[in-house]
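Below is one structure, written out as structure tokens; comments come after it.
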Amino acid sequence: MTDTLLVGIDGSEGGARAADFAAQRAKESQARLVVAYVIEWSPYSFNTPQENEVRHKRREEEISRAESDVVGPVLESLKNQGVEATGVVRHGHAADVLSHLAKEEKVNQVFIGRRGLTKMQALLFGSTAGTLVQISPVPVTVIP
Amino acid sequence: MKKLLAAFLTALLWAPASWAQDSTEMAISLDEQINQAISPVTDVIAGVIFYSVPVNDEIAIPVIVVWLVVAALFATIYFNFISVRAFGHAVELVKGDYSDPKDAGEVSHFQALATALSGTVGLGNIAGVAIAVSIGGPGATFWMILAGFLGMSLKFAECTLGVKYRNEYADGSVSGGPMYYLSKGLAEKGMGGLGKVLAVFFAICCIAGSLGGGNMFQANQSFQQFVNVTGGADSFMADKGWLFGLIVAALVGVVIIGGIQSIAKVTEKVVPFMAVIYCSAALIIIVMNIDQVPSAIGAIIGGAFNPEGVAGGAIGALIQGFRRAAFSNEAGIGSASIAHSAVRTKEPITEGLVALHEPFIDTVVICTMTALVIVITGTYTAGGGMSGVELTSLAFESAFSWFPYILAVAVILFAFSTMLSWSYYGAKCWTYLFGESRSMDLLFKLIFCIFVVIGASMNLGPVIDFSDSAIFAMSIANIIGLYILFPVVKQELTSYWSRLKSGEIKKYAASESGA
Chain F
1 MTDTLLVGID GSEGGARAAD FAAQRAKESQ ARLVVAYVIE WSPYSFNTPQ ENEVRHKRRE
61 EEISRAESDV VGPVLESLKN QGVEATGVVR HGHAADVLSH LAKEEKVNQV FIGRRGLTKM
121 QALLFGSTAG TLVQISPVPV TVIP
Chain H
1 MKKLLAAFLT ALLWAPASWA QDSTEMAISL DEQINQAISP VTDVIAGVIF YSVPVNDEIA
61 IPVIVVWLVV AALFATIYFN FISVRAFGHA VELVKGDYSD PKDAGEVSHF QALATALSGT
121 VGLGNIAGVA IAVSIGGPGA TFWMILAGFL GMSLKFAECT LGVKYRNEYA DGSVSGGPMY
181 YLSKGLAEKG MGGLGKVLAV FFAICCIAGS LGGGNMFQAN QSFQQFVNVT GGADSFMADK
241 GWLFGLIVAA LVGVVIIGGI QSIAKVTEKV VPFMAVIYCS AALIIIVMNI DQVPSAIGAI
301 IGGAFNPEGV AGGAIGALIQ GFRRAAFSNE AGIGSASIAH SAVRTKEPIT EGLVALHEPF
361 IDTVVICTMT ALVIVITGTY TAGGGMSGVE LTSLAFESAF SWFPYILAVA VILFAFSTML
421 SWSYYGAKCW TYLFGESRSM DLLFKLIFCI FVVIGASMNL GPVIDFSDSA IFAMSIANII
481 GLYILFPVVK QELTSYWSRL KSGEIKKYAA SESGA
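Given below as structure tokens:
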């Protein structure tokens, strides 16, 4: 059975480095690669009725934009490198969604970039990589 | 429809015309002129809606209050105390335990509830309770809590129907509320004609309600509190309600006409914190006076059945309690159904169950806290004819001298968010009547802004009369429809409940909720 690797990207350089790193590993081990992009969203936010009314439409727009602008180009370049890859776009909290995807796709290893936050920044804004390391069901590789 | 619009505009134009007549008397302030021009109209409307049947020499029972109470009681019994037996399940629904992770990014149960609550929790909870206690005595609190509890079942039914009969458009946006379930639901029952009439009547009343309770009352009481904290009668603003109204109207206009959603977003995020601050302060006062709580509860229960010095005795207290509860939690009024309809769910009943929490949080929790603070601090007897937000402010001030300032900020923010929600409800009904066009939408929003100024300028008396009448009038059409559609809700409930019990409807594992 071939291995499955999961990489989380966010459109940043760190995410791109993680995708490159994961692509190398996938090539070496003939593994399948899942490229995930998480749109930050919480079911517990406070919205105006106007926002709620058009929420469904906005969600579709957000997903199609993420697919075409962020995930699409990465998948394209992976295909050129000969790596078998699929893309996923989900709403939610990045670390939670990646950990959930790892289970759902029976992933062997997760790759993620980091933002290089200071202690203070991580305390204030939360670190996706830091949280994922704590909750992931499989080994996590954090790419600097 | 054109005729309707013409009638409405004539009414609107009539008001300024009569100001012009008054303006010859330069001696009186602009606020008084506005008051004098509008209050005869509101008096007539209030007289019709609050048509009362005299019981004895002292007291008359308003038919509309009985109408609401009977419906709430009927719903509670008909759905077999759904408010009690589904309370826990509703908490799980709000938490998202039953939400499909694939729907992440759609409107969640929590968001729909929070949005509806921001329209409901407002000055009704702060000022309305003070009105109830100052007129009906502490006993009014008991009836208010009871009305809140009964209202839960009514809210459950109307929000289920709101989702079930909403319109979903090709672009994925949704529109729901009583006007849709009245017209579509009754048509299913072969009463299409009646449904249409009720839907139109509801929409007209909802427009008035959005201008009254959702606007004038909010503007009026936030101005009152603003004057309170800036020096009372000596305040530079004391006689300038119209100016305060203009400023608020400009802010409201910027959001609803200018489409500056960022202001609305900030408000939506700050208001929950204000609610927490308000409730915490109330709790602290209650805990500080914990030794007086038993006697306060005694006064509330004793006053409910055998009040002293309340006009009309127990019935007088009951009417005040029920009236202010309905005004605050809007159960049976139909308004919240418009906000709840935006949720993403396959089962309309789930949103109904979530909506159970709305009267609970609004009335059983928040209103009760306000009432306890007023009763414990005893300000309702020492208030010297004070009512509304002034009385609540005085009660909090007796514990924390600086609290009126916080309250002023909270009141203005609550008022603002309630106005934004109600402008949405009103606009939905307006476009339902006159068609979805940008110019119609704009026209309503302009009228809405004008009413902010009118509301801030007038005295509390006529404002509350008009606000009450408009809000209660919404319940006439809504509740007729609810009686006809209750069996539909029951069918949905029975089917959902049996699937839930059999395990067909399962929780998604906590880790899979995706958030």
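As you go down the protein sequences, you meet chains F and H in turn. Note that full-length UniProt numbering gives residue 143 to position 143 of the first sequence, counting from 1, and the numbers run on in steps of one. Note that full-length UniProt numbering gives residue 80 to position 80 of the second sequence, counting from 1, and the numbers run on in steps of one. Don't be surprised by glycine CBs; every beta carbon is placed ideally from N, CA and C. Since the structure is predicted, the reported quantities are computational estimates derived from the model, not experimental observations.
Between the C-alpha atoms of H:G128 and H:R324 there is a straight-line separation of about 6 Å. The criterion of a C-beta distance shorter than 9 Å is satisfied by H:Y380 and H:G137. Around the Cβ of H:Y169, a 10 Å sphere holds fewer than 16 other Cβ atoms; the residue is exposed. Collapsing the DSSP output to three states places H:F466 in a helix.
For H:A314, the uninterrupted alpha helix (DSSP H) run begins and ends at 313–329, by DSSP.
Cβ contact annotation for H:F110 (same chain, cutoff 6 Å, sequence separation greater than five): V94, in chain order. Taking 9 Å as the cut-off, the Cβ atoms of F:L75 and F:A36 do not count as close. Within chain F, no C-beta atom comes less than 7 Å from the C-beta of H:K189; the nearest is roughly 28 Å away. Assignment of beta-bridge partners to H:Q292 by DSSP yields no partner. The beta carbon of F:T48 falls within 9 Å of a beta carbon belonging to chain H, placing the residue at that interface. Contact holds between the segment 312–321 of chain H and the segment 132–151 of chain H, because three or more Cβ pairs, one in each stretch, are under 8 Å apart.
For H:A60, the enclosing beta strand (DSSP E) covers residues 60–62.
Shortest Cα-Cα distance from H:K184 to any of H:Y496, H:V488, H:E504, H:Y508 involves H:V488.
Nearest Cα to H:D239 within the set H:D468, H:I480, H:N459, H:I505: H:N459. Using a Cβ-Cβ cut-off of 9 Å, F:S68 does not count as an interface residue toward chain H, since no Cβ of chain H sits closer than that to its own. Contacts with chain H (Cβ-Cβ distance below 9 Å) from the segment 13–47 of chain F involve I39, W41, S42, P43, Y44, S45, F46, N47, listed in chain order. For F:R115, not one C-beta of chain H is nearer than 9 Å to its own C-beta. If you compare the alpha carbons of H:I476, H:V453, H:S387, H:T345 with that of H:G461, the shortest gap goes to H:S387. At a cut-off of 9 Å between C-beta atoms, F:N52 counts as an interface residue with respect to chain H.
The beta carbon of H:G334 does not come within 9 Å of any beta carbon belonging to chain F, so the residue lies off that interface. Ranked by how close their Cα comes to the Cα of H:L146, the residues H:S498, H:C279, H:V365 have H:V365 in first place. Put simply, the CB of F:E60 is near chain H, with a gap under 9 Å to one of its CB atoms. Shown here, F:T4 sits in a strand according to DSSP, grouped into three states. With respect to chain H, the C-beta atom of F:I63 has a partner C-beta closer than 9 Å. When the alpha-carbon of H:I257 is set against those of H:D441, H:A72, H:Q225, H:T42, the nearest one is in H:D441.
Of the residues assessed, F:R65 falls on the exposed side of the cut-off, its CB having fewer than 16 other CB atoms within 10 angstroms.
If you draw a straight line from the Cα of F:P139 to the Cα of F:N108, it comes to about 7 Å. Apart from the 5 residues on each side of it in sequence, H:P62 sits with its Cβ closer than 6 Å to the Cβ of F50, S52 in its chain, given in chain order. At a cut-off of 9 Å between beta-carbon atoms, F:K57 makes contact with chain H. Linking H:A331 to H:K155 through their CA atoms gives a straight-line distance of about 5 Å.
Taking every protein chain shown into account, the CB of H:Q218 has 16 or more other CB atoms within 10 angstroms, so this residue is buried. One alpha carbon belongs to H:V163, the other to H:I338, and they sit about 9 Å apart. Taking a contact to require three or more Cβ pairs closer than 8 Å, the segment 441–456 of chain H and the segment 200–217 of chain H qualify as touching. Across the set F:E84, F:G82, F:V110, the C-alpha of F:V110 shows the shortest separation from the C-alpha of F:G8. Annotation: Cβ neighbours of H:A264 in chain F (cutoff 9 Å, chain order): T48, Q50, E51. At least one CB atom of chain F sits nearer than 9 Å to the CB of H:A114.
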